[in-house]
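Number of protein chains: 2
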Amino acid sequence: MNSFDFSPIGHITSCYKEKFGIPRQPGLVSLAKAQLILKQDFTEECIRSLQGFSHLWLSFVFHGNQQKAWKALVRPPRLGGDSKVGVFASRSPFRPNPLGLSVVKLEEIEIKNARVILHLSGCDLLDETPVLDIKPYLPYVDSISDAMGGFAHHKPDKKLDVVFTEEANMQCQLQSEQLGQDLHALIEQILQLDPRPSYQQGESGDRVYAMKLYDFDLRWQYCENKKIKVLSLLDSRV
Amino acid sequence: MNSFDFSPIGHITSCYKEKFGIPRQPGLVSLAKAQLILKQDFTEECIRSLQGFSHLWLSFVFHGNQQKAWKALVRPPRLGGDSKVGVFASRSPFRPNPLGLSVVKLEEIEIKNARVILHLSGCDLLDETPVLDIKPYLPYVDSISDAMGGFAHHKPDKKLDVVFTEEANMQCQLQSEQLGQDLHALIEQILQLDPRPSYQQGESGDRVYAMKLYDFDLRWQYCENKKIKVLSLLDSRV
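First to last, the sequence lines map onto chains A and B. Number 179 in numbering that gives the first Met the number 0 belongs to position 180 of the first sequence; there are no gaps in the numbering. Number 35 in numbering that gives the first Met the number 0 belongs to position 36 of the second sequence; there are no gaps in the numbering.
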C-alpha cells in the first residue's frame with residue numbers, strides 16, 4: 000500500500016494549448032469547451048444514464064508539471080501573491096500527488112467510430128490532460144451552499160475591461176465562423192480575469208502578451224484604466 | 000504517460016471498520032467521525048490557512064477492493080438494484096481506477112508529536128483508507144445548486160425507524176460515556192438508511208445482522224412496519 004498505479008481512461012482535447020491563460024478554476028470561463036475522448040476499452044455501456052447529469056467531476060493528472068517540484072507553502076493568486084498558504088489549503092497544480100479535480104458541464108455525448116466523446120464546457124483543462132476518472136455531480140451531496148471557503152470564499156471579480164482593435168475584431172469574426180464558436184465572447188471571458196501572475200497585475204505598457212487558443216495566437220496589451228486591448232488572433236499554423 | 004504512480008499522503012482512522020454499513024455518500028451520516036493522519040513529510044506548513052475552510056475534498060483509494068474487478072455496468076442501490084447504469088454514471092467503488100472522492104467537514108486540526116491530524120465528520124470512509132490529496136472546498140466553484148443529478152438527484156429518504164432494546168440502550172449509554180460520542184444517535188443515523196443490499200430490502204425476520212462500529216459489534220434485526228431493532232452493542236475485544 001505504499002503506492003498506487005493509475006492509467007488514464009481518456010484524454011482531453013481543449014481550447015487551451017498551453018498553461019498560460021487557463022482560468023484558475025473551472026466554471027469561471029463558461030464558454031471554454033473541451034472534449035474528453037475515452038479510450039477504446041471504455042465503451043458506450045460505461046456511460047449509460049450519464050446524460051441525466053448536468054455536471055461531472057473529472058479526476059485528472061496535472062501532466063504539464065514534471066519540471067517543478069511541490070512546496071509546502073504556495074502563494075495563491077487570490078491573495079495577490081503576497082501571502083503564503085499550505086499546499087493542501089490551495090488548489091495549486093504543484094501538489095505531492097499531481098491530481099486535479101474539476102467540475103465541468105456535460106453538453107453532449109457523441110459516439111464516433113465506437114469511441115465515446117464527452118463534450119464539456121466551463122473547463123480549466125490543458126490540452127492532452129490525462130483523465131483518470133469521471134463521476135456524476137450529485138447536488139444533494141456535492142453542493143454545500145453554506146460551506147465556508149476561507150480566503151477564496153467568493154468568486155474573483157472581473158478585473159479588466161476587454162477591448163478589441165478593429166483588426167482583432169475582424170479576425171475574430173472570421174475565425175469564429177470557421178470554428179463555429181463565438182471567439183470574441185470566449186476571449187473576453189478569459190482576459191477579463193487577467194491571466195498574468197499576481198506580481199505583474201496592475202502594470203500597463205507596450206509589452207505584448209500572447210497565448211495559444213485553439214490553433215490561434217492571441218496577442219494583447221495592458222492599457223491604463225484597467226483596460227486590456229486585444230491586438231490580434233492569427234492562425235498559428237500558417 | 001501510460002500510467003501514473005501516487006503515494007498516500009496519509010491514512011484514515013474511521014468508526015467504520017468494515018465496508019458493510021458505510022453510508023453510500025458522505026454527509027448522509029453527519030455524526031460519523033474520522034481522522035486523517037498525515038505522514039511525517041507533510042508538516043504543519045502544508046495545511047497553513049486550512050482552518051478557514053469548513054469542508055474539504057479528499058481524493059482517496061478504495062483499498063478494500065482488490066478482489067473484485069470493475070464492470071462497465073453497475074446496479075446502483077438508488078435504483079433498487081433492478082436497473083443498470085454505466086460505471087461512470089455512478090459513484091460505485093468498483094471503477095477502472097479505484098479513486099474515491101468525498102467531501103467531508105473539517106472539525107478541528109490537531110498537531111501531535113509533529114504529526115498533523117485532521118478531525119473530520121460526515122465521512123463515508125473505511126478505516127485505513129489511503130488518502131492521496133486534500134483540497135479545500137470552494138463554494139463558488141463546487142456548489143452548483145441548479146445541477147441536475149440524474150437518477151440520484153435527491154437525498155435518499157430515511158427508510159426505517161430505529162428502535163433499541165432495553166439492553167442495547169444501556170450498552171449504548173455506557174459505551175458513549177467511555178468514548179465521548181453519542182453512539183445512540185450515530186447508530187440511528189446509520190441504520191435508518193438500511194445498509195442491506197437492495198435485493199434484501201423490505202424483508203423482515205429473525206436473521207441477525209451485524210457490523211463493526213469502532214471496537215464494537217453492533218447487532219440488529221428487521222421487524223415488520225419498517226422498523227429496525229438494535230439488539231446489542233458489545234465490545235468486540237473482550
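Each residue gets a CB set at the ideal place from its N, CA and C atoms; glycine is no exception.
Just grab the DSSP bridge partners of residue i for me.
i	result
PRO129(A)	HIS10(A)
ARG47(B)	DSSP, once it has assigned bridges, lists no residue as partnering ARG47(B).
LEU37(B)	GLY9(B)
TYR15(A)	LEU125(A), LEU212(A)
ASP160(B)	LYS226(B)
LYS134(B)	TRP56(B)
TYR221(B)	ILE227(B)
ASN102(A)	Asn is not the amino acid found at residue 102(A); the sequence shown has Val there. Answer is TRP56(A).
SER120(B)	LYS32(B), LYS104(B)
VAL86(A)	None, per the DSSP bridge assignment.
LYS111(A)	ARG114(A)
PHE3(B)	PHE5(A)
GLY148(B)	PHE52(A)
ASP234(A)	PHE215(A)
LEU190(A)	Paired residues: none, contrary to the question.
LEU182(B)	According to DSSP, which records beta bridges pairwise, LEU182(B) is partnered with nothing at all.
VAL73(A)	VAL84(A)
On a CA-only basis, which of the options is nearest residue i? Give me that one, please.
i	options	result
GLU107(B)	LEU117(B), ASP141(B), CYS122(B), LEU98(B)	LEU117(B)
LEU166(B)	ILE46(B), VAL229(B), LEU185(B), GLU202(B)	Residue identity check: residue 166(B) is Glu in the sequence provided, not Leu. Measuring from the Cα of GLU166(B), the nearest candidate turns out to be VAL229(B).
SER48(A)	GLY201(B), MET147(B), THR164(B)	MET147(B)
PRO196(A)	LEU185(A), ARG77(A), TYR139(A)	ARG77(A)
LYS111(A)	THR42(A), GLY179(A), ASP156(A), THR128(A)	THR42(A)
ASP4(B)	PHE87(A), ASP123(A), ALA113(A), LEU131(A)	LEU131(A)
LYS18(A)	ASP123(A), TYR136(A), SER58(A)	ASP123(A)
LEU192(B)	GLY99(B), LYS67(B), SER89(B), LYS158(B)	LYS158(B)
PRO25(B)	TRP56(B), VAL207(B), ILE227(B), LEU137(B)	TRP56(B)
GLU187(A)	HIS152(A), LEU27(A), GLY149(A)	LEU27(A)
LEU232(A)	ALA88(A), GLY201(A), ASN1(A), HIS183(A)	HIS183(A)
PHE52(B)	THR164(B), TYR139(B), ARG218(B), ALA209(B)	TYR139(B)
PHE163(B)	PRO155(B), GLN172(B), ASP156(B)	GLN172(B)
ASP145(B)	ARG114(A), HIS152(A), LEU137(A), GLY149(A)	LEU137(A)
GLU44(A)	GLN170(A), LYS67(A), ALA113(A), ALA88(A)	ALA113(A)
PRO155(A)	PRO194(A), SER2(A), LEU178(A)	PRO194(A)
To which residues of the same chain is residue i closer than 6 Å at the C-beta, ignoring the five residues directly before and after it?
i	result
TYR198(B)	GLY80
GLU109(A)	ILE116
GLU223(A)	SER203
GLY99(B)	PHE59, PHE61
LYS16(A)	ASP126, LYS211
GLN180(B)	none
THR12(A)	GLN34
ARG218(B)	VAL207, ALA209, LEU230, SER231
For residue i, which residues in the same chain have their Cβ closer than 8 Å to its Cβ, ignoring the five residues on either side in sequence?
i	result
SER120(B)	SER29, LEU30, ALA31, LYS32, ALA33, VAL103, LYS104, GLU106
LYS225(B)	LYS158, LEU159, ASP160
PRO7(B)	LYS38, VAL60, PRO129, VAL130, LEU131
LEU72(B)	LYS83, VAL84, GLY85, VAL86
LEU185(A)	CYS14, VAL28, LEU30, ALA31, LEU212
GLN170(A)	SER231, LEU232, LEU233
Is it true that the CB of residue j sits closer than 9 Å to the CB of residue i?
i	j	result
LYS38(A)	GLY9(A)	yes
HIS62(A)	LEU125(A)	yes
ILE227(B)	LEU212(B)	no
LEU35(B)	ILE143(B)	no
GLN220(B)	ARG206(B)	yes
ARG23(B)	PRO135(A)	no
PRO75(B)	ALA151(B)	yes
ILE46(A)	ALA88(B)	yes
ASP40(A)	ASP141(B)	no
GLN50(A)	GLY149(B)	yes
Would residue i pass as an interface residue toward chain C - the criterion being a Cβ-Cβ separation below 9 Å?
i	result
GLU109(A)	Although the question refers to chain C, the structure presented lacks it and instead comprises the protein chains A and B.
Going along the chain, which residues of its own chain have a beta-carbon closer than 7 Å to the beta-carbon of residue i, five neighbours each way excluded?
i	result
SER234(A)	In the sequence as displayed, the identity of residue 234(A) is Asp instead of Ser. Result list for ASP234(A): ASP214, PHE215, in chain order.
ARG94(A)	TRP69, VAL86
GLU176(B)	none
GLN174(A)	LEU182, PHE215, LEU232
LYS67(A)	PHE93
ASN168(B)	none
Check your understanding: Listed in chain order, which residues of the stretch 16-38 of chain A have Cβ atoms closer than 9 Å to some Cβ of chain B?
Key -> Of all residues in the stretch 16-38 of chain A, GLN24, PRO25, GLY26, LEU27, LEU37 have a Cβ within less than 9 Å of some Cβ in chain B.
| query | Which of the residues in the stretch 143-159 of chain A, read from start to end, lie with their CB under 7 Å from any CB of chain B? | reply | Going along the stretch 143-159 of chain A in chain order, one finds ILE143, SER144, ALA146, MET147, GLY148, GLY149, PHE150, ALA151, HIS152, HIS153, LYS154 with a Cβ nearer than 7 Å to chain B.
Check your understanding: For the stretch 39-60 of chain A, which residues have a beta carbon sitting closer than 9 Å to at least one beta carbon of chain B?
Key -> From the stretch 39-60 of chain A, only ASP40, PHE41, THR42, GLU43, GLU44, CYS45, ILE46, ARG47, SER48, LEU49, GLN50, GLY51, PHE52, SER53, HIS54, LEU55, TRP56, SER58, VAL60 have a Cβ closer than 9 Å to chain B.
If contact means a Cβ-Cβ distance below 8 Å, which residues of the stretch 2-15 of chain B contact chain A?
-> Answer in chain order: SER2, PHE3, ASP4, PHE5, SER6, PRO7, ILE8.
Margin query: Tell me which residues of the stretch 91-123 of chain A have at least one Cβ-Cβ distance to chain B shorter than 7 Å, keeping chain order.
Written below: Answer in chain order: ARG94, PRO95, ASN96, LEU98, LEU100, VAL102.
Legend entry - Against chain B: residues of the stretch 193-206 of chain A by CB proximity under 7 Å: If the cut-off is 7 Å between Cβ atoms, the stretch 193-206 of chain A has nothing near chain B.
Taking a cut of 7 Å between CB atoms, which residues from the stretch 205-235 of chain B lie near chain A?
Cβ proximity to chain A below 7 Å picks out nothing from the stretch 205-235 of chain B.
ask   = Any residues in the stretch 127-141 of chain A with a beta carbon nearer than 9 Å to a beta carbon of chain B? Which ones, in chain order?
value = Correct list: GLU127, PRO129, LEU131, ASP132, ILE133, LYS134, PRO135, TYR136, LEU137, PRO138, TYR139, VAL140, ASP141.
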